[in-house]
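Chemist: Converting from the sequence shown to the numbering used here requires adding 19 to each position, the first position being numbered 1. Quick reminder that beta carbons are idealized off the backbone N, C-alpha and C, glycines included. This structure is a prediction, so every number in the text was calculated from the model and none was measured. Please read through the structure below; I'll follow up with questions.
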Amino acid sequence: MLSLHIPDKESLTIEHVILDFNGTLAVDGKLIPGVASRLEELSPLVSLHVITADTNASARSELAKISCTLKIIGKNRQDQAKLEYAENLGLKSVLAIGNGRNDGMLLQHAALGVCVVQKEGAAIAAMQAADIVCNDINDALDLLLQPHRLTATMRN
């Protein structure tokens with residue numbers, strides 16, 4: 020569990036981190052360097068969930084050695100599938116990280132939503148729905164490992 024202090028708001032108790040795979044943790048189906056070690060550092064603190072349409076059919080093999088739950092979703096209503104998954108965990112305990120249009124609802128309704136803009140870019144809907152935008156997944160994960168950075172970003 021992570022306790023995150025957001026200035027001028029209640030502190031957040033994050034039990035689950037939900038991440039998109041392609042465009043967020045991976046580019047062209049391959050994990051971005053630095054991601055695996057950061058996820059392993061986070062895994063004793065929170066439950067990690069990767070929910071993806073698995074465009075490149077590589078998520079299972081790329082995540083095989085990482086302590087996380089992998090959920091591969093179908094081609095239809097992906098935004099709704101991601102949101103429903105988070106609702107089942109309890110939205111108030113979820114921090115979400117994604118970049119795609121299908122991540123927008125999840126980023127908007129999670130306790131904290133982080134959009135990453137990397138080589139695949141990011142959908143405007145995801146950026147507008149997020150609380151924070153980072154230009155690198157490793158920077159986004161470091162917000163959780165170094166929470167004072169998050170506090171500084173969210174200060175009013």
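Excluding sequence positions up to five away, which residues of its chain have a Cβ less than 8 Å from the Cβ of T88?
Modeler: On the sequence shown, residue 88 is found 69 positions in, with the first residue counted as 1. These residues qualify, in order along the chain: S66, L67, H68, V69.
Chemist: Here's the rule: buried if 16 or more other CB atoms are within 10 angstroms of the residue's CB, otherwise exposed. What is Q165?
Modeler: Within the sequence shown, the letter at position 146 stands for residue 165. Looking at its Cβ environment, which holds fewer than 16 other Cβ atoms inside 10 Å, Q165 is exposed.
Chemist: Output the distance between the C-alpha atoms of D98 and N121, rounded to the nearest integer angstrom.
Modeler: As a first step, residue 98 must be located in the sequence shown, where it is residue number 79. As a first step, residue 121 must be located in the sequence shown, where it is residue number 102. Roughly 4 Å separates the two Cα atoms.
Chemist: With which residues is C153 paired in a DSSP beta bridge?
Modeler: Position 134 of the sequence shown, counted from the first residue, corresponds to residue 153. V135.
Chemist: Closer than 6 Å by C-beta to M124: which residues in its own chain qualify, once you throw out the five before and the five after it? Chain order, please.
Modeler: Here the question's residue 124 lines up with position 105 in the sequence shown. Result list for M124: D98, L102, in chain order.
Chemist: Pairing CB atoms from the stretch 134-141 with CB atoms from the stretch 150-157, are three or more of them under 8 Å?
Modeler: Segments in contact, yes.
Chemist: At what residue ranges does the stretch 41-108 contain a whole run of the alpha helix (DSSP H), taking only runs of 4 or more?
Modeler: The stretch 41-108 contains these whole alpha helix (DSSP H) runs: 54-61, 78-81, 97-108.
Chemist: R174 to L58, Cα distance in whole Å?
Modeler: Locating residue 174 in the sequence shown gives position 155, counting from the first residue. Locating residue 58 in the sequence shown gives position 39, counting from the first residue. Their Cα atoms are separated by approximately 26 Å.
Chemist: Go ahead and label D39 buried or exposed: buried means 16 or more other beta carbons lie within 10 angstroms of its beta carbon, across all protein chains shown.
Modeler: Taking the sequence shown and counting its residues from 1, one reaches residue 39 at position 20. Buried is the call here.
Chemist: Should L110 and A129 be called a contact, given that it needs their Cβ atoms to be closer than 8 Å?
Modeler: Here the question's residue 110 lines up with position 91 in the sequence shown. Here the question's residue 129 lines up with position 110 in the sequence shown. For L110 and A129, yes; Cβs fall inside 8 Å.
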